[in-house]
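Here is the structure we will look at.
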Amino acid sequence: MRRTLTVAAREFRHTALTKGFIIGAIGVPALMFAVIPLIPKLMRSTPPPLEGRIVVVDRVGRVAESLQAALAEPPERQPWETQDEDVDVRLTVEAAAPDASIDGLRSQVADESLRALLIADRSEEGAEQVELLVPSTGNPRHTRRLEEVGRKALVRARVARQGQDYGQLQELMKSERVRTSRISPQGEQATERTELRALVPMGFMLLLWVTIFTSANYLLTSTIEEKSSRVMEVLLSATSPMELLTGKLLGQAGVSLVMLLMYGGVGLAGLGALTMLDVVRLSDLLWLAAWFPVAYFMVAVIMAGVGSAVNDLRDAQSLVGPALMALMVPMVLWLPIVENPNGALAVIFSFIPPASPFVTVLRLTAVTDPVPAWQGLLALAVAILCTLAMLWAGARIFRVGALMQGKTPTPRELLRWIRVR
Amino acid sequence: MPAERVIDLQDVHKRFGGTHAVRGVSLSLERGGICGFLGPNGAGKSTTIRMIMSIILPDEGRVSVLGTSALDAKDRIGYLPEERGLYRRMRVAEFLRFMARLKGLDRADADRRIGAWLERLELPGVSRRRCMELSKGMQQKVQLVASVVNEPELLILDEPFSGLDPVNARLLTHQIQGLRERGTTILFSTHQMRTAEDLCDRVVLIHRGEKVLDEPLTSILRRFDPRTVLAEPAQDHAVAERAIGRVPGVQSCGWNEAAKSLQVRLAEGMDPQAGLRGILAAAPMRRVELRRTTLDEVFVQLVGGDAAALGQEVGGD
Numbered sequence: 003m004r005r006t007l008t009v010a011a012r013e014f015r016h017t018a019l020t021k022g023f024i025i026g027a028i029g030v031p032a033l034m035f036a037v038i039p040l041i042p043k044l045m046r047s048t049p050p051p052l053e054g055r056i057v058v059v060d061r062v063g064r065v066a067e068s069l070q071a072a073l074a075e076p077p078e079r080q081p082w083e084t085q086d087e088d089v090d091v092r093l094t095v096e097a098a099a100p101d102a103s104i105d106g107l108r109s110q111v112a113d114e115s116l117r118a119l120l121i122a123d124r125s126e127e128g129a130e131q132v133e134l135l136v137p138s139t140g141n142p143r144h145t146r147r148l149e150e151v152g153r154k155a156l157v158r159a160r161v162a163r164q165g166q167d168y169g170q171l172q173e174l175m176k177s178e179r180v181r182t183s184r185i186s187p188q189g190e191q192a193t194e195r196t197e198l199r200a201l202v203p204m205g206f207m208l209l210l211w212v213t214i215f216t217s218a219n220y221l222l223t224s225t226i227e228e229k230s231s232r233v234m235e236v237l238l239s240a241t242s243p244m245e246l247l248t249g250k251l252l253g254q255a256g257v258s259l260v261m262l263l264m265y266g267g268v269g270l271a272g273l274g275a276l277t278m279l280d281v282v283r284l285s286d287l288l289w290l291a292a293w294f295p296v297a298y299f300m301v302a303v304i305m306a307g308v309g310s311a312v313n314d315l316r317d318a319q320s321l322v323g324p325a326l327m328a329l330m331v332p333m334v335l336w337l338p339i340v341e342n343p344n345g346a347l348a349v350i351f352s353f354i355p356p357a358s359p360f361v362t363v364l365r366l367t368a369v370t371d372p373v374p375a376w377q378g379l380l381a382l383a384v385a386i387l388c389t390l391a392m393l394w395a396g397a398r399i400f401r402v403g404a405l406m407q408g409k410t411p412t413p414r415e416l417l418r419w420i421r422v423r
Numbered sequence: 057m058p059a060e061r062v063i064d065l066q067d068v069h070k071r072f073g074g075t076h077a078v079r080g081v082s083l084s085l086e087r088g089g090i091c092g093f094l095g096p097n098g099a100g101k102s103t104t105i106r107m108i109m110s111i112i113l114p115d116e117g118r119v120s121v122l123g124t125s126a127l128d129a130k131d132r133i134g135y136l137p138e139e140r141g142l143y144r145r146m147r148v149a150e151f152l153r154f155m156a157r158l159k160g161l162d163r164a165d166a167d168r169r170i171g172a173w174l175e176r177l178e179l180p181g182v183s184r185r186r187c188m189e190l191s192k193g194m195q196q197k198v199q200l201v202a203s204v205v206n207e208p209e210l211l212i213l214d215e216p217f218s219g220l221d222p223v224n225a226r227l228l229t230h231q232i233q234g235l236r237e238r239g240t241t242i243l244f245s246t247h248q249m250r251t252a253e254d255l256c257d258r259v260v261l262i263h264r265g266e267k268v269l270d271e272p273l274t275s276i277l278r279r280f281d282p283r284t285v286l287a288e289p290a291q292d293h294a295v296a297e298r299a300i301g302r303v304p305g306v307q308s309c310g311w312n313e314a315a316k317s318l319q320v321r322l323a324e325g326m327d328p329q330a331g332l333r334g335i336l337a338a339a340p341m342r343r344v345e346l347r348r349t350t351l352d353e354v355f356v357q358l359v360g361g362d363a364a365a366l367g368q369e370v371g372g373d
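This is the structure we're talking about:
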């Protein structure tokens, strides 16, 4: 045990207390957290004014006159856009005769003497339609504003032809936002944000995935380094292969746990700041705590086994590839799993390692459709059995691979190593 | 009372796929002294040593070290593997402290011993340096410190002299002799016959996975009669070479440029004194000398069938 703990302490110290880890695993995420609120401000820009002439060929009636009123309307904005980002429109609207030559006007658009040509017409089926022609060098935000104006002008014209008052109708049709609040079991009220609630399971799964993969990757590279620098045999002269492997796994488990607590703590603090701490249930945290060691040892023993079997990182990629493919499943399918945690897809992947820990955490933390607790426990039991089997096989591969040099073993050779006495 | 066996191998076999690397090796080493473990590359030396260290397990046979399995006795064993290795970015003292902790030493004891050994091996001021900043020779000495820091009862050195310059080789020789005087049992593998001859009390020779020799050095040198004569001709050496080649009982005769002499190999069973007389009678000589048997010659004699491979081994020493 003393040897195992000595190896674990070295592994932890030489990963978690290095500049690379502090900068890469702590500094960069901290910087990202700090920068995220600034991103909208950094991305904000005021477009150039939309100047020049726009010609309207109105074959429907009242579109040309409605265009001026539509231009005066406040523009539609995305939730993240502010008034400062509105396009300043300084267009002169000109109405052309309904039978005016389109070719002539098209060539004016092409040489940019005309900012836009708007043709209001009827289709063969009699439906009203608007065609907008702009120069190929046109600013996309100008084009989007002109499309919006054209759409609104057509509606305004339609209302006017019916003899209705557009302003009055607009007032009647105005849609009010529903303010939804959640009431916690303790009676506290907080604003409901459904999109954020859907992201919580993703957050849990990502937390598990990132923390485990970071330390498992350190395990892979440190094992390869010990092999390539030939220090492995020196270590094996002082420890048994099992003590060495266990020590390395425990050391990196410590690294992973530090990251989990750190990132998880920051995430919870963020939710607390948004008064959304109640979206995380105690049971979610307990499931995470139960799944973390299982997921860690499952992934870490794969990486340690591969690290011991190869001589450089490039060779490792070919052996880690299939496991990585399986581990990408929860990343790719997170949305369907969260939306339907009791669907066949989600249930099946809950029992297929090494994806099972990540998929099950997604399912158990989703609020859309509660997953029966027995399923979570059964998946956990299956995963624990698989992890134990993988630890046994990984330890046997590690024992043989640690001293092997030369070509990368094939999967068949790895199977033979498992059987070697 | 029988002497305590430090290493006890009984009919040990090891196979790697289709290769039978170690074939029925038995070895019994008692406490004290230095045993040379000799053999050409690929003979099975390192595999046997790894089995002694319980780094790999034998397919057949029994291995006992210090009365138990090496796994249980690792704190009492020191091992310098053939493949040298250090954590490149670790500082020397930190690496040695880590190895000492693995061997069960507390920090204060480890630091005291590390300081003493670094001084003994003429490595002052390196403890704060990173391993990758050291020369190859210095790295090798740091590894030696790692193997002896626990003051082992049994020290196994796999090719300890390879890559060392003569000054450091001499320093290492003195340290090995010092350890023997302090009661450490030492098993070291080498293909440097001269070094083995200078250091060993006993020699074990392994060839193609089988033990072909295992006895005290003095007994070996006594048992293997001298068979090589160096003859410096007083005339043209080509003429003398032809004349000596015709002497009955001369197996081979060839010019040795380095020794500026003819090297004459006498046939098995030939009386060396009769051989000397025959050579003197064949051609005028300035000097004729019957060479003392060396381990080199014993080595060649015992594994003579592989002369090419051995030539490379011995020549490289």
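Those sequence lines, one after another, are chains A and B.
Per my numbering, the first sequence starts with residue 3, numbered consecutively.
Per my numbering, the second sequence starts with residue 57, numbered consecutively.
All residues carry an ideal CB built from backbone N, CA and C; glycine is no exception.
When the beta-carbon positions are compared, A/Val282 and A/Leu263 stay at least 8 Å from each other. Sequence-ordered contacts of the region 120 to 142 of chain B with chain A read Leu127, Lys130, Tyr135, Pro137, Glu139, Arg140, Gly141, Leu142 [C-beta pairs closer than 7 Å]. Counting C-beta atoms within 10 angstroms of its own C-beta, B/Ala129 has 16 or more neighbours from the protein chains shown and is therefore classed as buried. When the five nearest sequence neighbours on each side are left out, the beta carbons in the same chain lying within less than 7 Å of the beta carbon of A/Leu416 are those of Ala311, Ile399, in order along the chain. Interface annotation, A/Leu417: not in contact with chain B, CB-CB separation never under 8 Å.
Judged by their CB atoms, B/Leu83 and B/Ile63 are nearer to each other than the 8 Å cut-off. Secondary structure of B/Gln66 (DSSP, three-state): strand.
A/Thr8 reaches chain B at Phe154, Arg157, Leu158, counting residues in chain order whose Cβ is nearer than 9 Å.
Scanning the region 83 to 130 of chain A from its first residue to its last, the whole alpha helix (DSSP H) runs of 4-plus residues come out as 104 to 112. Think of a sphere of 7 Å around the beta carbon of A/Arg232: the chain B residues whose beta carbon falls inside it are Glu139, Arg140, Gly141, in chain order.
In the DSSP secondary-structure assignment, B/His263 is bridged to B/Glu266. Taking A/Arg147 as reference, the option from A/Leu73, A/Pro338, A/Val62, A/Met244 with the minimal CA-CA separation is A/Leu73. Under DSSP, B/Thr246 shares a beta bridge with B/Leu94.
By the Cβ criterion, the region 325 to 337 of chain B is not in contact with the region 260 to 272 of chain B, since fewer than three pairs of Cβ atoms, one from each stretch, lie closer than 8 Å. According to the DSSP secondary-structure assignment, B/Glu215 is paired through a beta bridge with no residue. Taking CB atoms only, A/Glu235 has a neighbour in chain B less than 8 Å away. If you ignore the 5 residues before and after A/Leu247, its C-beta comes within less than 7 Å of the C-beta of Ala306, Ala397, Phe400, all in its own chain and listed in chain order.
Per the coordinates, the alpha-carbon of A/Arg421 lies some 16 Å from the alpha-carbon of B/Glu116.
Annotation for B/Tyr135: Met109, Ser203, Ile212 place their beta carbon closer than 7 Å to its own, counting only its chain and skipping 5 residues before and after. Residues of chain B with a Cβ closer than 7 Å to the Cβ of A/Ala240 are, in chain order, Lys130, Met155, Leu158, Lys159.
For B/Ala296, the enclosing alpha helix (DSSP H) stretches over residues 293 to 301. The beta carbons of A/Ala302 and A/Gln377 sit no closer together than 8 Å.
Within the same chain, Cβ atoms closer than 8 Å to the Cβ of B/Ala338 are found at Ala296, Ala299, Ile300, Arg302, Val303, the five residues on either side in sequence being excluded.
Counted as a single uninterrupted DSSP element, the alpha helix (DSSP H) harbouring A/Leu273 occupies residues 243 to 275.
Shortest Cα-Cα distance from A/Met327 to any of A/Thr182, A/Ala357, A/Trp336, A/Pro203 involves A/Ala357. Against chain A, the beta carbon of B/Gln199 has neighbours under 8 Å at Val236, listed in chain order. Not a single CB atom of chain B sits nearer than 8 Å to the CB of A/Leu252. A check of alpha carbon separations from A/Val363 across A/Ser285, A/Gln319, A/Thr410 identifies A/Ser285 as the nearest. A Cβ of chain A is located within less than 8 Å of the beta carbon of B/Met109. Each residue's CA atom was taken as its position, placing B/Phe217 and B/Thr246 some 8 Å apart. At least 8 Å separates the beta-carbon of B/Arg283 from that of B/Leu332.
When CB distances to chain B are screened at a threshold of 8 Å, not a single residue of the region 258 to 284 of chain A falls below it. Following the DSSP letters along the chain, one finds A/Asp60 inside the beta strand (DSSP E) bounded by residues 52 to 60.
Near chain A, meaning a CB-to-CB distance below 8 Å, the residues of the region 178 to 207 of chain B are Gln199, Ala202, Ser203.
Sequence-distant Cβ neighbours of A/Val136 in its own chain, meaning closer than 6 Å and more than five residues away, are Ala118, Thr145. Closer than 8 Å to the CB of B/Arg144 there is at least one CB belonging to chain A.
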